[in-house]
Each structure stands twice: as structure tokens, then as C-alpha cells.
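Going by the numbering used here, the sequence shown opens with residue 45, and the numbers climb by one from there.
Reviewing the structure listed below.
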Amino acid sequence: MVYGNDPIGTKRVLLVGLGERKKATLDTVRRAAANAAKKAVAMKVENISIALHKAFGGRFDITTMGQACAEGTYLGSYRYDEFVTESENGRLDSLKVELIDSDAAKTKKLNKGLSSGAIIGKAQSYARTLANRPGNVINPAELAAVAKQLAGSSRTLSCTVFDEKQLAAKGMNGILAVGAGSQNKPRLIVLKYTPARTVCSKVPTVGLVGKAITFDSGGISIKPSARMDQMKLDKSGGVAVLGTMKAAAELKLGVNVYGIIPAAENLPSGTSYRPGDIITTFSGKTVEVQNTDAEGRLILCDGIAYAEKQNCDIIIDIATLTGACMVALGKYMAGLMGNDDKLIKTLQKCAETSGEKIWYMPSGDEYAEEMKSKIADLKNIGSNWGGACTAAAFLRQFVGNKKWAHLDMAGMDMPHNGKNSAGTGSTGFGVRLLTTYLMNVAGKK
């Protein structure tokens, strides 16, 4: 921190280290803006001007840098404090941010990126808040109400919610089984984004399917008590889809999108589903339950099959699905699996642009073989090894002939210690990645 005076026109100048120039990426810009915003909030600064882009000397597209700066500012300034009741909680009501340059043409391009980045940053903050809310505040029905409220705020979004009776009528027994032990009954939330302008027939319809377990105790196969409080974050895939749908509508993207969110609460009780149960899923495939804590794939398989029935050309599911993925990749990357090379490569490119890192992992026939049951079509867990891959191979059985990708974000939305640029609690992972992908499909990237 450098303290200024009248000649330079500002009281304080924050210098942000960017590392080696040759190693810099767009995420370097984003993280630098996040750290600057984080510091500004800590100092209770009301106005900041950012000129981070000048350090890169034309290395990156200036509009894209403006977007990255805006996204980073939202990322770093976010705090989850809606239940802090003390009058002085260390936060200002607002933080005004501007991107500055002496060149008017560059400023115009920066502001264009700033507008897009602000939409995406707000959508990610929206998802973070929903993910951070505890199970006594947000259950499947309340999450459905949030989705309806979102749809009500936009002319291009619609929302349909299936309750437990409608789920039973449709045969969505994967969702029903997982939610059977809770008084808070499950829901299937279906958001649809239809652009105001007619979409070119060559643009594929995209189905996003997000797992939303509003609280996951593990059910009868109960989890250890240590850190079970963080299982409120098991809805992070679903809220990432909500955030992405919000961003798509506000960016007015030229692509038809379904946002499909199976929501349930996984609790043990006298009405819970049991190890040994056999479930007939929405697709007609039967599944032997061997562990009730492998519940995410049971609600996702119904959601994926529903997306397939809606004639989505591309299906992407996102979930805090397996601890095995976190063992493999830690808290630094999400696992990526899928059945289409072009889709995989596009998502990898979008991950580089968005700064939300992914790593390709296999989910082929060897892993699918492990998911076969002797008394049903499938079972819901594999062997002791490769759990992230076998879980993806299980989901692969429900996509039909559609292009499909699976994002296992288990390690990406776990609590952080506050030392990273995103701060503590939910990171809102997936919103930037999926929005960037939709922008790519719509021809805006």
C-alpha cells in the first residue's frame, strides 16, 4: 500500500503483484482484481479504480480483461453475512469500482467487458449465497421457490416444479427414494431459457443438470459427524445451474437452455430408502442400492433422463458427487468426464478462459462394467477404486445417444480457509465455466 497525495489524485494506491509476465493468464487478472477487492473491503474503502490491464501490454483482449476484472472484483468482495445480526459487522453497504485508462477507445472496450463480467460476477455471488444457506433455511421446496422467483424476474425464463406426487406419477423414483427419509419432500426444478430472438437451427439446445441435495447426512449409510455441517454444500451443483441460468438470461445469449435441478434432502428415518433396495428410475433402468450415501447419482440419473426426453442436444451435469474425485484432484480442479471429444475440448478451453479448472478423467466400458448388478440393471457403487470414474460411468448409462459431459466438483466448493481469492465458504464454482460455455455455443466467445 502506497499513501498518495494531491499530485497523484488519490489517497492510497494498492500495488498488486502479478508474478512472471510470461506465465500470466486471464485468471492472473481475475485473481489480482479479487485480491484488490478483498483488501478494499477489509479497509472499508468505498471507491476503487482498477488499472490492472495496463501491466499486460496487449497480451490479452482488452474487453476480456475488463470482464475478468469485474468477475474478480465480485469474487473477492463477497462475504456471506446474511445472518450476522450485530450492527457493526465490518462491511460497507456498497463498493464502487471503475476500470480506468487514458485511452478513451480502450476504456470503451473495458466497460463492455465490465458489463458482462458484472452479470457473471453477480450470478456467481447469487449461487454462493444459496449454497451457503443451511439446511434449516433452504430445503427442496424453498429452493424451488427461489427458482420460481428467478424465473419471475425475467421474460425469457420459465420454471416448472414437480412435487412428490408428480414425481411419483412420472416414475422418478431415484429422486423420490433419496428424499424419502425427510419431512421436506423432494422436487424436480425445470428452468427453461428461451431467447427473445429466434435461435438459429444450427445452435444446439443445451441441458444443464445440477445435483441439489440440500443437506446430506448420508442417510442410513450415515456419514461421520466431523464436518457434516458442511453437507449443506451438497446442493452446489444445482445452485451453479441456477446462477448460470440467471447469467444466460441477463446476457441475452442466443441459445436455448434447460436448467434441470433434482432436489432432495438425504436423512435417515423409518421411511428412508435402504441398502438392498431396488429402484426403477425414470429411464426404466433398475438400480440396486448398496450405499445410501451414493445418492447424488440416483437423483442425477432421473434429471439426465428427463433432459434426454426434452430433446436436449447436449447434456452437461454438475455435482459435488464423489470424495474420490477430491482424493484424485484435491481442491484445485474439478473432474471432467464425457462421451464426445469435441465437447470435452470445448469445455477445457472454456475452463482456461473462465479460470475454473477441470481435468479430464476416463469413464468408459471398464468402469461401466463395475456398475453392473447381479440382481438389477445397475448398482449405485463400484469397487474401492476409481470412484469418480465409476460414478460417471453410471451416469453415462442414462444419456442415450446425446452428447454428454459430467463435472464432478466435489473438491471445488468445500470450505476454504479464506487465504484464497474467493474467501471463505462456497466458491460458486461452475457458474463462470458453464456461462462461458453457453457464450461459446451462442457465438459470443
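Every residue, glycine too, gets a C-beta built ideally from N, C-alpha and C.
Open item on the list: Determine whether the beta carbon atoms of residue 110 and residue 81 lie at a separation below 8 Å.
Closed with: By 1-based counting over the sequence shown, the position of residue 110 is 66. By 1-based counting over the sequence shown, the position of residue 81 is 37. The Cβ-Cβ distance between residue 110 and residue 81 does not fall below 8 Å.
- [ ] Specify whether the segment 404-413 and the segment 320-334 touch according to this definition: at least 3 beta carbon pairs, one from each stretch, less than 8 Å apart.
- [x] Contact check between the segment 404-413 and the segment 320-334: fewer than three CB pairs, one atom from each, fall below 8 Å, which does not count as touching.
Task: Those runs of the alpha helix (DSSP H) which lie wholly inside the segment 154-237 and span at least 4 residues - done: The segment 154-237 contains these whole alpha helix (DSSP H) runs: 184-196, 208-214, 217-223.
- [ ] Out of 146, 340, 57, 165, state which residue places its alpha-carbon closest to the alpha-carbon of residue 290.
- [x] What you label residue 290 is simply residue 246 of the sequence shown in a count that begins at 1. The alpha carbon of residue 290 has as its nearest neighbour, out of 146, 340, 57, 165, the alpha carbon of 165.
Open item on the list: Measuring only the C-alpha atoms, how far is residue 388 from residue 378?
Closed with: Residue numbering aside, residue 388 sits at position 344 when the sequence shown is read from its first letter. Residue numbering aside, residue 378 sits at position 334 when the sequence shown is read from its first letter. Between the C-alpha atoms of residue 388 and residue 378 there is a straight-line separation of about 13 Å.
Task: 3 or more residues per run - each beta strand (DSSP E) lying fully within the segment 367-454 - done: Taking only runs of at least 3 residues, the beta strand (DSSP E) segments lying wholly in the segment 367-454 are 378-382, 402-404, 447-452.
Task: Where residue 256 sits in the DSSP three-state scheme - done: Stepping through the sequence shown from its first residue, residue 256 is reached at position 212. Of the three classes helix, strand and coil, the one that applies to residue 256 here is strand, per DSSP.
Task: Closest by C-alpha distance to residue 227, when choosing among 313, 282, 99 - done: As a working note, residue 227 is residue 183 in the sequence shown. Residue 313 holds the alpha-carbon nearest to the alpha-carbon of residue 227 among 313, 282, 99.
Task: the segment 302-316 / the segment 251-267 touching (three or more Cβ pairs under 8 Å) - done: Two segments are said to touch when three or more pairs of C-beta atoms, one from each, lie closer than 8 Å; by this definition the segment 302-316 touches the segment 251-267.
Task: Secondary structure of residue 140, DSSP reduced to three states - done: Numbered from 1 along the sequence shown, position 96 holds the residue referred to as residue 140. DSSP, reduced to helix, strand and coil, places residue 140 within a strand of the structure shown.
TODO: Taking only the alpha-carbon atoms, compute the straight-line gap between residue 434 and residue 425 and give it to the nearest angstrom.
DONE: What you label residue 434 is simply residue 390 of the sequence shown in a count that begins at 1. What you label residue 425 is simply residue 381 of the sequence shown in a count that begins at 1. Distance between residue 434 and residue 425, taken at the CA atoms: about 8 Å.
Task: Paired residues, beta bridge with residue 335 - DSSP - done: By one-based count along the sequence shown, residue 335 stands at place 291. Paired residues: none, contrary to the question.
Task: Spatial neighbours of residue 196 in its chain, beta-carbon cut-off 6 Å, leaving aside the 5 residues before and after - done: As a first step, residue 196 is located in the sequence shown; it is residue number 152 there, counting from the start. If we look at residue 196 and ignore the five residues flanking it on each side, it has no Cβ neighbours.
Open item on the list: Is it buried or exposed, residue 271, if we count other Cβ atoms within 10 angstroms and call 16 or more buried?
Closed with: Stepping through the sequence shown from its first residue, residue 271 is reached at position 227. Classification for residue 271: exposed.
- [ ] Assign residue 244 to one of two classes, buried (16 or more other C-beta atoms within 10 Å of its C-beta) or exposed (fewer than that).
- [x] Here the question's residue 244 lines up with position 200 in the sequence shown. Counting Cβ neighbours within 10 Å, residue 244 comes out exposed, since fewer than 16 surround it.
TODO: Could you tell me which of 188, 364, 146 sits nearest to residue 231, measuring between CA atoms?
DONE: Against the sequence shown, residue 231 aligns to sequence position 187. It is 188.
Open item on the list: On a Cα-Cα basis, can you pick out the residue from 162, 324, 239 that is closest to residue 442?
Closed with: In the sequence shown, residue 442 corresponds to position 398, counting from 1. Looking at the Cα atoms, 324 is the closest of the given residues.
Open item on the list: Quick check on DSSP: helix, strand or coil for residue 280?
Closed with: By 1-based counting over the sequence shown, the position of residue 280 is 236. It is helical.
- [ ] Would you list the one or two residues that DSSP bridges to residue 302?
- [x] Position 258 of the sequence shown, counting from 1, holds the residue named residue 302. The partner list for residue 302 (beta bridge, DSSP) reads 236, 251.
Task: Neighbourhood of residue 174 by C-beta distance below 6 Å, restricted to the same chain and skipping five residues each side - done: Here residue 174 is taken as the residue at index 130 of the sequence shown, counted from 1. Cβ neighbours of residue 174 beyond the five flanking positions: 283.
TODO: Return helix, strand or coil for residue 93, following the three-state DSSP convention.
DONE: Residue 93 sits at position 49 when you count from the first residue of the sequence shown. In the three-state reduction of the DSSP assignment, residue 93 falls in the strand class, which pools E and B.
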